[in-house]
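All remarks here apply to the structure that follows.
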Amino acid sequence: TDLVRRSDDPDFERDLDKQVYSVGLTQILTKNLISTLNFETMTDEGYLNNPYRSVRYADSGSALGYSFEPELYPNTRTSNAVGIRARYFLPYRAAIEGEYRYFIDTWDIEGHTASLSYIHPWGDFTFTGKFRYHNQTAAHFYRDLFSGSQATNFRGRDKEISPLTSYTFMLKAAYEFLNDDGNDWGFLKRGSVSASVHVLHVDYDDFSDLTALAPIGSEPLYQLDANILQVFFSFWY
Numbered sequence: 700t701d702l703v704r705r706s707d708d709p710d711f712e713r714d715l716d717k718q719v720y721s722v723g724l725t726q727i728l729t730k731n732l733i734s735t736l737n738f739e740t741m742t743d744e745g746y747l748n749n750p751y752r753s754v755r756y757a758d759s760g761s762a763l764g765y766s767f768e769p770e771l772y773p774n775t776r777t778s779n780a781v782g783i784r785a786r787y788f789l790p791y792r793a794a795i796e797g798e799y800r801y802f803i804d805t806w807d808i809e810g811h812t813a814s815l816s817y818i819h820p821w822g823d824f825t826f827t828g829k830f831r832y833h834n835q836t837a838a839h840f841y842r843d844l845f846s847g848s849q850a851t852n853f854r855g856r857d858k859e860i861s862p863l864t865s866y867t868f869m870l871k872a873a874y875e876f877l878n879d880d881g882n883d884w885g886f887l888k889r890g891s892v893s894a895s896v897h898v899l900h901v902d903y904d905d906f907s908d909l910t911a912l913a914p915i916g917s918e919p920l921y922q923l924d925a926n927i928l929q930v931f932f933s934f935w936y
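In terms of our numbering, the sequence shown opens at residue 700 and continues consecutively.
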């Protein structure tokens, strides 16, 4: 069981319990093709919303045309996901990998995720390129703008439970500078370093960009663009 707290309220404390159940099956189909099937169920119970986040609702008495109130989520959620991954090995130790994942939950969020990767070793280096696509529907209690205060039993305006589509392109290079050839570093048997760059674009189909300060109902939809650089060092002993 986890505890949810607020940094500005020492008396605020709520319970959150998460359980995850998963099973997977890997099968060698041919000498060059291997596939994996995974199924996962997750149950959440307790305080599931963000204690800092608010929703907005139409308010004719406000100069902006809307006001804010705390969000309110259901206290239970069950999600199921099934995924399939296949890797086909090419000459020179290269490989192509495809993956698809389907997600659905009791909040009516339905998601589809697909990716395609190419892996190419070269000496002590391994290069990887990957494209990922994700699309999802909204939770049944999500609204960008509610009709009034406490208009529904449950209320949320988190953009991550809104309808969205994302695209990610990744390039990665890994170098194994220490391997099992007898030239270890004391108790360290293997070592590698990897660097990757992720180019991410997200279209939010029903989440307005309030920073634009446009009249209510005419705000542009929010978009996210990010370039993410990651560097990892790994050691085995």
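C-beta: ideal position from N, C-alpha, C; glycine also.
message = My output table needs one value for I915: the three-state DSSP class, helix, strand or coil.
response = coil
key: Extent of the continuous beta strand (DSSP E) to which N926 belongs   = L920 to W935
request  = Reducing DSSP to helix, strand and coil, say where E739 ends up.
outcome  = strand
inquiry  = Can you tell me where the beta strand (DSSP E) holding I795 begins and where it ends?
reply    = From DSSP, the beta strand (DSSP E) with I795 extends over A794 to D804.
Straight-line Cα distance separating T805 from A838 = 9 Å
ask   = Just curious, the beta strand (DSSP E) that T851 is in, first and last residue?
value = Element bounds for T851: n/a, residue is neither H nor E.
query = Got a sec? Which residues, its chain only, sit under 6 Å from T864 by beta carbon, not counting five neighbours each side?
reply = N834 and D902
request  = With DSSP collapsed to three states, give me the class of L909.
outcome  = helix
message = Tell me the DSSP secondary structure of Y841 in three-state form.
response = strand
query = F657 and R854 look like a contact to me (Cβ under 8 Å); what is the Cβ gap, rounded to whole Å?
reply = Because the chain spans 700 through 936 in this model, residue 657 falls outside it and cannot be assessed.
ask   = Is R856 closer than 9 Å to V703 when the C-beta atoms are compared?
value = Not in contact: V703 and R856 (Cβ atoms no closer than 9 Å).
ask   = Contact between the region 779-792 and the region 764-771: three or more CB pairs below 8 Å?
value = no
key: Stretch pair the region 718-729 + the region 737-757: three plus CB contacts closer than 8 Å   = yes
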